[in-house]
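Residue numbers (this note's numbering): 724 to 803. Ideal placement from N, C-alpha and C gives every residue a C-beta, glycine not left out. See structure below.
Structure representation (structure tokens):
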């Protein structure tokens with residue numbers, strides 16, 4: 724038993740504390756980005772909205788798709 728403890732101590736496995744993970748900076752897409760949104764009809768009221776880069780990209784893509792859909796409905800309705 725003493726020989727086993729001696730071997731563990733020599734290899735450093737007995738006295739070593741558990742390794743701590745080094746802090747990793749969040750990826751650019753995981754970092755939160757906050758923007759101020761104004762309220763229509765008010766100069767003072769507004770709110771702060773926070774999302775990740777990926778969520779902001781998805782919001783922008785959905786807005787573009789909504790505008791394109793509305794524009795195609797307008798041109799189709801005028802053609803009738």
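Can you check which of these residues, 757, 778, 753, 762, is closest to residue 771 by C-alpha distance? 757
Supposed contact pair residue 776 and residue 754 - C-beta distance, whole angstroms, cut 8 Å: 7 Å
Closer than 6 Å: is that where the CB of residue 787 sits relative to any heavy atom of the ligand FMN? Ligands are entirely absent from the displayed structure, and the ligand FMN is therefore not among its contents.
Could you tell me which residues DSSP pairs with residue 775 in its beta bridges? 755
For residue 766, name the three-state secondary structure that DSSP assigns. coil
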